[in-house]
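In what follows, a structure is listed as structure tokens, so that the remarks can point back to it.
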Amino acid sequence: MSAARDSAPLAERMRPRSLDEIVGQAHLLAPGKPLRRALEGGKPYSMILWGPPGCGKTTLARLCAHLGEAEFLSMSAVLGGVAEVRAAVATAKAHREQGQRTLLFVDEVHRFNKAQQDAFLPHVEDGTITLIGATTENPSFEVNSALLSRCRVHVLKSVADEQLIAALQRALDDAERGLGARGLKAEAAALERLAEVADGDVRRALTLLEIAADQIEDGGTLTLELLRSVVTESFRRFDKGGEAFYDQISALHKTLRSSNPDAALYWFCRMLDGGCDPKYLARRLTRFASEDIGNADPRALAMSLDAWQSYERLGSPEGEVALAQLVLYLAVAPKSNAAYAAYNAARALVESGGSLGVPMELRNAPTRLMKGLGYGKGYQYDHASEQGIAFDQRGFPEELGEQTLYQPVERGLEIKIKERLDWIRARRGEALGGQQ
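Taking my numbering, I'd label the letters of the sequence shown as residues 826 to 1261.
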């Protein structure tokens, strides 16, 4: 190998040169698949490649250009702007005048704003460029609809451990581009650990292999013991602003709601492991205590606030134990969204009802004038009533009549609440003559 090739990172040297060398995307690239047929026919089209880091988006874009005999232009949406887009388009137009096609690859296309994304539209439509955008974010949310409608979306998957191990072994064996000339071996357990740490990212797996290989003499063996001294942590995928973040908080909420403490604790720890702010989790757990438990167990809200305060006083890592305790309690607590549903129903009633007046008997009457106008007239002091409740006293504006918004479920404390509320509502309905 040349010195130039030796100096390139292993992940770059091992970049696939054919569709068959791409690992982990058989659902798109297996023989007979539509995308593969298009590429082998030399007819790449504009597309959005959506997938996690290191799954092969850039490599696939390069192969699209190669198989389509097109000039490959690349830019990053993090560093580029409208000016860079215009420069790329100008280059593509020059290629077109010479009868040459151009494929423009935009990495992290979701980072472009709407105006920057719109700048591509006319040039994609008239065939000046074939656009391939790469994104780790859901294009439904991050790519504007006009551009999305002109591109096909292909979802690339995280690479499975067994496929990562195969890629690592290929790099060890390849004498031309990989480490084969050094005669290195690797314990199966070491390759398994590398795949686990890489978390579906081929580029990361090869980078870690290269770091580990630098610690071994030619002809040596990569052992699990050596690897432990090189790789001190794993790198599970997590983006505080990305889809993985929202998927994981969704999983936490839904496993809590399903009363699955084991799964809920797992997702809680996954988020902590990925770098999520524990205070954010404390806030979301407190919200859950109201929305999904409510009056079925009113202690849940108080415990949420206590756990939040405990974290703030203890700090990390001790404070996370208080939050973990809360996760377990919320998971096993009886569930009810009745309070949340009642709140939403009341909001909807307010928005649709307009500015209805307060019944005169419920109005405050601090002055003689207001008393003279009838404010507070007829108000019944509930404590003076026989049952402690004035059943014939209206609570809603007359135009609405009495409404039923809160409907307790038959779980936890709400069983008792429902019994009493049913009794109160029945008595009130009788007293008000069926105005419920």
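The beta carbon of each residue, even a glycine, is placed where N, CA and C say it ideally should be.
Residues sharing a beta bridge with residue i, DSSP
i	result
Ile-957	Met-872, Phe-930
Leu-898	Leu-929
Leu-1047	Ala-1011
Val-978	Ile-873
Alpha-carbon spacing of residue i relative to residue j, whole angstroms
i	j	result
Gly-1005	Asp-932	32 Å
Gln-923	Leu-981	34 Å
Arg-838	Lys-1010	19 Å
Ile-873	Gln-941	16 Å
Asp-998	Ala-1020	17 Å
Trp-1092	Arg-1252	47 Å
Met-826	Glu-896	Reliability of the predicted coordinates at Met-826 is poor, the pLDDT of 36 falling under 50, and no value is obtained from them.
Ala-1256	Gly-1203	15 Å
Arg-830	Leu-1081	Since pLDDT at Arg-830 reaches only 41, below the 50 mark, its modelled position is unreliable, and the value read off the structure follows with that caveat. Between Arg-830 and Leu-1081, the C-alpha separation is close to 52 Å.
Glu-773	Cys-1094	Nothing about residue 773 can be reported from this structure: the residues present for the chain run from 826 to 1261 only.
Thr-1032	Ile-1041	15 Å
Ile-1249	Phe-1216	8 Å
Gln-1260	Gly-1254	Because the pLDDT at Gln-1260 is just 49, under 50, the model does not fix this residue reliably, and the value given afterwards should be weighed accordingly. The straight-line gap from Cα to Cα measures roughly 6 Å.
Ile-1214	Leu-1126	28 Å
Arg-975	Pro-1103	41 Å
Arg-1028	Gln-1150	38 Å
Lys-939	Gly-876	21 Å
Ala-828	Ala-1069	Because Ala-828 carries a pLDDT of 36, less than 50, the predicted location of this residue cannot be relied on, and no value is offered for it.
Gly-1178	Glu-1145	45 Å
Leu-972	Ala-912	19 Å
Thr-1046	Pro-1123	60 Å
Gln-1232	Asn-969	42 Å
Glu-908	Ala-919	The residue asked about is misnamed: residue 908 is Ala in this sequence, not Glu. Each residue's alpha carbon lies about 17 Å from the other.
Glu-1224	Ser-1180	11 Å
Phe-966	Arg-936	12 Å
Gln-1073	Ala-1030	24 Å
Asp-1247	Glu-1235	12 Å
Arg-921	Ala-863	21 Å
Lys-1243	Leu-860	58 Å
Ile-847	Gln-994	14 Å
Val-978	Glu-1176	40 Å
Ala-855	Tyr-1105	42 Å
Gly-1220	Ala-1167	16 Å
Lys-1196	Ala-1190	5 Å
Of the residues the options, the one placed nearest residue i, counting alpha carbons only
i	options	result
Ala-1266	Ser-970, Arg-1138, Pro-834	In the structure as shown, the chain starts at 826 and stops at 1261, and residue 1266 therefore has no counterpart that could be examined.
Leu-1198	Gly-952, His-1208, Pro-1184, Asp-1207	Pro-1184
Gly-1003	Ala-992, Glu-1012, Ala-1013	Ala-992
Leu-1174	Leu-1052, Glu-1227, Ala-917, Asp-1131	Glu-1227
His-1208	Leu-1090, Gln-1218, Lys-1202	Gln-1218
Leu-1238	Gly-1182, Ile-1249, Ser-1161	Ser-1161
Ser-1141	Gln-1212, Arg-1029, Gly-1100	Gly-1100
Ala-775	Leu-844, Thr-1048, Gly-1025	What is shown of the chain runs 826 to 1261, which leaves residue 775 out entirely.
Met-1128	Glu-894, Leu-888, Ala-1158	Ala-1158
Gln-925	Val-934, Ala-1167, Thr-953	Thr-953
Glu-1186	Leu-1194, Ser-1180, Pro-1222	Pro-1222
Val-1022	Leu-1051, Val-1056, Met-1096	Val-1056
Ser-832	Glu-1035, Gly-849, Leu-1139	Glu-1035
Ile-1118	Asp-1087, Ser-1083, Arg-1245, Arg-1053	Ser-1083
Leu-928	Glu-865, Ala-886, Glu-1211	Ala-886
His-891	Gly-1258, Ser-843, Arg-1138	Ser-843
Tyr-1165	Arg-1018, Ser-1115, Ala-1121	Ser-1115
Glu-1050	Ser-983, Glu-1017, Gln-994, Gly-905	Glu-1017
Met-900	Asn-1085, Ala-915, Ser-871, Val-934	Val-934
Gly-849	Tyr-1071, Ala-1089, Asp-1024	Asp-1024
Lys-1241	Glu-1211, Ala-1147, Asn-1120, Ala-1167	Asn-1120
Asn-963	Tyr-1071, Ser-1054, Thr-916	Tyr-1071
Phe-1113	Leu-1194, Ala-1088, Ala-1147, Ser-1075	Ser-1075
Inter-residue CB distance, residue i and residue j (contact presumed, cutoff 8 Å)
i	j	result
Val-903	Ala-944	Actually they do not touch by this definition, with Cβ atoms about 16 Å apart.
Tyr-1206	Arg-1188	15 Å between Cβ atoms; not a contact.
Tyr-1136	Ala-1163	In fact, because the Cβ distance is near 29 Å, the residues do not count as touching under 8 Å.
Gly-1008	Asp-1043	6 Å
Pro-841	Asp-1026	At roughly 15 Å, the Cβ-Cβ gap does not stay under 8 Å, so Pro-841 and Asp-1026 are not in contact.
Gly-893	Lys-868	7 Å
Phe-930	Leu-888	Actually they are not in contact, since the Cβ atoms of Phe-930 and Leu-888 sit about 11 Å apart, beyond 8 Å.
Met-1096	Leu-1077	7 Å
C-beta neighbour in chain B for residue i, strict 8 Å
i	result
Ala-1256	As a matter of chain content, chain B is missing from the structure shown, which is built from one protein chain.
Open item on the list: Counting beta carbon pairs with one atom in the segment 987-994 and one in the segment 942-960, are three or more of them shorter than 8 Å?
Closed with: no
- [ ] May I ask you to verify whether the segment 950-963 touches the segment 876-884, counting CB pairs closer than 8 Å and requiring at least 3?
- [x] yes
Task: Contact the segment 1155-1172 vs the segment 1227-1245: 3+ CB pairs below 8 Å - done: yes
Task: Three or more C-beta pairs below 8 Å linking the segment 1149-1156 and the segment 1123-1141 - done: yes
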